[in-house]
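Note sheet for the following structure.
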């Protein structure tokens, strides 16, 4: 299995969750491989029982609920993993690494 | 970075929101600090936040160097698996009742951090490091 390829799918799924501004993990939470690297997603464990760690930057909102956001990211990432390769990923740990405030919409 | 990772499996005594069978959610110190800083600034009478350790100098430098936003500066946070302890330094406007203002800040931080992160706030320690007089600002402007 190409882990970098899988990681790309998972990063995309996490980024699509409303409230997630960015999927980024510095050097620590990054999947490395010959096909490149994916920041914000790291896969660990043997291929058949992978565990994914996903690191996200959240956008501030008055009704911010980071536990709910974490669950939504976990759900989206787990679904993407199951669609890509059924039963490969056995759990998704979410790190809310940063919080940004966007007074003006970013261009 | 505080982390709740690695605590999976049957040993847990209850299913807290931080832990699910499907994985954990970790909220870093800097995120909690920003939420707490924002909650403190919301309270009328708080002039500014300053690190109680350094009088604000270090956090100001850190903010400038990193280019990061300063919402979390002046706030020190320790995050455990389900709990957070918060130290905060602030300057307040001259005419306020400091104990009552501090209590309002404490309650607002507890409310915001708990609702936004799901963490239980065990303590909020507040240092009032200076008073702000409106004349100060005017005098500073005249000098400029």
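Residue numbers (my numbering), protein chains in the order written: chain P, 1 to 107; chain S, 1001 to 1144.
Beta carbons: idealized from backbone N, C-alpha and C, even for Gly.
Bear in mind that the values here come from a model prediction, so they are computed numbers and not experimental data.
Below 8 Å on C-beta distance, what does residue i contact in chain P?
| i | result |
| --- | --- |
| residue 1031 of chain S | 58, 66, 96, 97, 98, 99 |
If you draw a straight line from the C-alpha of residue i to the C-alpha of residue j, how long is it?
| i | j | result |
| --- | --- | --- |
| residue 16 of chain P | residue 1124 of chain S | 35 Å |
| residue 59 of chain P | residue 31 of chain P | 24 Å |
| residue 75 of chain P | residue 1051 of chain S | 38 Å |
| residue 1043 of chain S | residue 1135 of chain S | 21 Å |
| residue 36 of chain P | residue 1138 of chain S | 56 Å |
| residue 1049 of chain S | residue 1077 of chain S | 14 Å |
| residue 34 of chain P | residue 1115 of chain S | 42 Å |
| residue 1102 of chain S | residue 18 of chain P | 35 Å |
| residue 1130 of chain S | residue 1121 of chain S | 25 Å |
| residue 1087 of chain S | residue 1104 of chain S | 15 Å |
| residue 39 of chain P | residue 1085 of chain S | 30 Å |
| residue 62 of chain P | residue 1046 of chain S | 20 Å |
| residue 1038 of chain S | residue 51 of chain P | 34 Å |
| residue 43 of chain P | residue 71 of chain P | 18 Å |
| residue 57 of chain P | residue 1095 of chain S | 39 Å |
| residue 96 of chain P | residue 1132 of chain S | 35 Å |
Where does residue i land, buried or exposed, given buried means 16+ other C-beta within 10 angstroms?
| i | result |
| --- | --- |
| residue 1108 of chain S | buried |
| residue 1034 of chain S | buried |
| residue 1064 of chain S | Interpretation of residue 1064 of chain S is limited by its pLDDT of 46, a score under 50 that renders its predicted location unreliable; no figure is taken from the coordinates. |
| residue 80 of chain P | buried |
| residue 1097 of chain S | exposed |
| residue 1142 of chain S | exposed |
| residue 1089 of chain S | buried |
| residue 135 of chain P | Summary: the structure shown does not reach residue 135 of chain P, with chain P confined to residues 1 through 107, and so no result is reported for it. |
| residue 49 of chain P | exposed |
| residue 1100 of chain S | exposed |
| residue 47 of chain P | exposed |
| residue 1030 of chain S | buried |
| residue 45 of chain P | exposed |
| residue 93 of chain P | buried |
| residue 108 of chain P | Any question about residue 108 of chain P goes unanswered here, given that chain P covers just 1 to 107. |
Any C-beta of chain P sitting closer than 8 Å to the C-beta of residue i?
| i | result |
| --- | --- |
| residue 1114 of chain S | no |
| residue 1080 of chain S | no |
| residue 1118 of chain S | yes |
| residue 1034 of chain S | yes |
| residue 1047 of chain S | no |
| residue 1089 of chain S | no |
| residue 1107 of chain S | no |
| residue 1122 of chain S | no |
Does the CB of residue i have a neighbour CB from chain S at under 8 Å?
| i | result |
| --- | --- |
| residue 38 of chain P | no |
| residue 91 of chain P | yes |
| residue 25 of chain P | no |
| residue 85 of chain P | no |
| residue 74 of chain P | yes |
What does residue i reach in chain P if we use C-beta pairs closer than 7 Å?
| i | result |
| --- | --- |
| residue 1127 of chain S | None at all; the shortest Cβ gap to chain P is about 24 Å. |
| residue 1022 of chain S | 74, 78, 91, 92 |
What does residue i touch in chain S if you count any residue whose Cβ is under 7 Å from its own?
| i | result |
| --- | --- |
| residue 70 of chain P | 1025 |
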